[in-house]
Amino acid sequence: MRRAALCLACVAGMALAAAGADVSSAAASKSETAPHALPDRLDEILPDKPLILHLWATWCAPCRSELPELADFRAALPAGLGARLIVVSVDTRPRADVRRFLESDVDLPGFQTYLVDPAEAGSRFQIIGYPLTLFLDRDGAVTRRISGAAPWPDTDFRSQMIEHLGSGS
């Protein structure tokens, strides 16, 4: 089994029962309006490619401010790279509540995010606060962490993100 599957399997198994998400059908519903559970293995979505994993929560004030900038950045990514920016909600709220939050509170209807258990995410990635952005290499190893809001509109930061996502493609 590839290291990516091992390292990221911790995220894959964190679907909230309260969210009513069916982990086995998540890959098939990838295009469904967010949020949904991660598939059993993240490498089913992005095999052997560098990626960026962004963790956020509805109750997190910096996350709320950052989400529109993150959405703009993802929309502006070159073809093929947008799917490698994985956005994950670490809420205990049901999936429908997270969807309503995205549509009503931050005006991002259709914004794709996954939903995982915050306790699992915290323990697996040693998270002490949100938002958190992790850069993972093609083997699934974390190469960089950004705790707190990332500077999504910053040109230099965007270039670094695109370079990371494009490396090893």
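Going by the numbering used here, the first residue of the sequence shown is number 235, and it counts up by one from there. Cβ atoms here follow ideal geometry from the backbone N, Cα and C, with glycine treated the same way. The structure presented is a predicted model; accordingly, all values stated were derived computationally and were not measured.
Problem set entry | Alpha-carbon to alpha-carbon, Pro387 and Asp274 | Model confidence at Asp274 stands at a pLDDT of 47, short of 50, so the residue's coordinates are unreliable; what they give is reported in the following sentence. Spanning the two alpha carbons is a distance of roughly 33 Å.
For this session: Please specify which runs of the beta strand (DSSP E), each continuous and at least 3 residues long, are wholly inside the region 277-350, giving them in chain order.
Result: Those beta strand (DSSP E) runs which fall completely within the region 277-350 and span 3+ residues are 285-290 and 319-323.
Problem set entry | Cβ neighbour criterion (16 or more within 10 Å) applied to Ala295 | exposed
For this session: Could you check the C-alpha separation between Gly344 and Met395 for me, to the nearest Å?
Result: 23 Å
Exercise. By a C-beta neighbour count over all protein chains shown, 10 Å radius and 16 as the cutoff for buried, is Ala291 buried or exposed?
Worked result: buried
Exercise. Expressed to the nearest angstrom, what Euclidean distance is found between the alpha-carbon atoms of Cys297 and Asp339?
Worked result: 12 Å
Exercise. With 16 other CB atoms within 10 Å as the buried threshold, where does Ile279 fall?
Worked result: Interpretation of Ile279 is limited by its pLDDT of 49, a score under 50 that renders its predicted location unreliable; the figure taken from the coordinates is listed afterwards. Buried, because 16 or more other Cβ atoms sit within 10 Å of the Cβ of Ile279.
Exercise. Between the beta-carbon of Val324 and the beta-carbon of Pro352, is there less than 8 Å?
Worked result: Taking C-beta atoms as the reference points, Val324 and Pro352 count as a pair closer than 8 Å.
Problem set entry | Cα-Cα separation, Ser299 to Pro385 | 11 Å
Exercise. Are the beta-carbon atoms belonging to His288 and Thr377 less than 8 Å from one another?
Worked result: Against a cut-off of 8 Å, the Cβ pair of Thr377 and His288 comes out as no contact.
Exercise. Nearest-angstrom Cα distance between Pro328 and His398?
Worked result: 33 Å
For this session: Quick one: residues in its chain with C-beta nearer than 8 Å to the C-beta of Leu301, no 5 flanking neighbours on either side, listed in chain order?
Result: Trp290, Leu336, Val340, Leu342 and Phe345
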